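Colleague:
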Amino acid sequence: MEIVQLESIQLKGISVRTRNSNEMDPLTAKIGSLWERFYNENAKHLNSNSSVYGVYYSYESDATGEFNVLAGSTFENVGSELSKVSTEKGKYMVFSKEGEMPGAVIEAWQEIWSFFSKSECSYNREYLTDFEKYIGTNKVEVYIGIK
251 MEIVQLESIQ LKGISVRTRN SNEMDPLTAK IGSLWERFYN ENAKHLNSNS SVYGVYYSYE
311 SDATGEFNVL AGSTFENVGS ELSKVSTEKG KYMVFSKEGE MPGAVIEAWQ EIWSFFSKSE
371 CSYNREYLTD FEKYIGTNKV EVYIGIK
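Using the numbering used here, the first residue of the sequence shown is number 251, and each one after it goes up by one.
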């Protein structure tokens, strides 16, 4: 993992509101179907230079509260029906994983939750915006906003 300073990124996509406890139950999970819908409706607008992002924002509190998730990209000329979000400018801790999706991104989040729950962890999460950046079909970088 590494720490980076980033500028804001403007993204467009589709979003849902959920919480981690709901995502553990297939009957209440929303993120998987969000990604399916994103690719079904927007794949035609993506090309080999497109970066795909999953953005977590509007946190109610912390990892236990509700939050919004946007599946999106840096689309230029796509219809106004898409939601828009900007990542927060600031300091992020980056966790990278390679492997088959969605397994690799799930592993990354498990590592993140474990890292921040350790008593010796000297970093605190911001809970403003966090995001996943997908690189190709088998790599993800998860950016966690830190104080």
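We put the beta carbon where it would ideally sit given N, CA and C, even for glycine. All values derive from a computational prediction rather than experimental measurement.
Is there contact between the region 255-267 and the region 280-298, where contact requires at least three CB pairs shorter than 8 Å?
Modeller: yes
Colleague: Measure the alpha-carbon distance for N299 versus T324 and round it to whole angstroms.
Modeller: 10 Å
Colleague: For the beta strand (DSSP E) holding G340, just list the boundary residues, first then last.
Modeller: 340-348
Colleague: Any idea what DSSP makes of N318, helix, strand or coil?
Modeller: strand
Colleague: Which residue marks the beginning of the alpha helix (DSSP H) containing L284, and which one marks its end?
Modeller: 281-292
Colleague: Can you give, in chain order, each stretch of the beta strand (DSSP E) that sits fully within the region 253-284 and has at least 3 residues?
Modeller: Listed in chain order, they are 260-269.
Colleague: If you measure from the CB of S271, is any heavy atom of the ligand COA nearer than 7 Å?
Modeller: Ligands displayed in this structure: none; no statement on the ligand COA is therefore possible.
Colleague: If you draw a straight line from the alpha carbon of H295 to that of P352, how long is it in whole angstroms?
Modeller: 22 Å
Colleague: What are the boundary residues of the beta strand (DSSP E) that includes G395?
Modeller: 389-396
Colleague: Quick check on the burial criterion: 16 or more other C-beta atoms within 10 angstroms. Buried or exposed for T337?
Modeller: buried
Colleague: Out of curiosity, what's the CA-to-CA distance linking V390 and G304?
Modeller: Straight-line Cα distance between these residues: approximately 10 Å.
Colleague: With contact counted as at least three CB pairs below 8 Å, one residue from each stretch, are the region 274-286 and the region 362-369 in contact?
Modeller: As far as the Cβ criterion goes, the region 274-286 does not touch the region 362-369, which means the pair count is below three.
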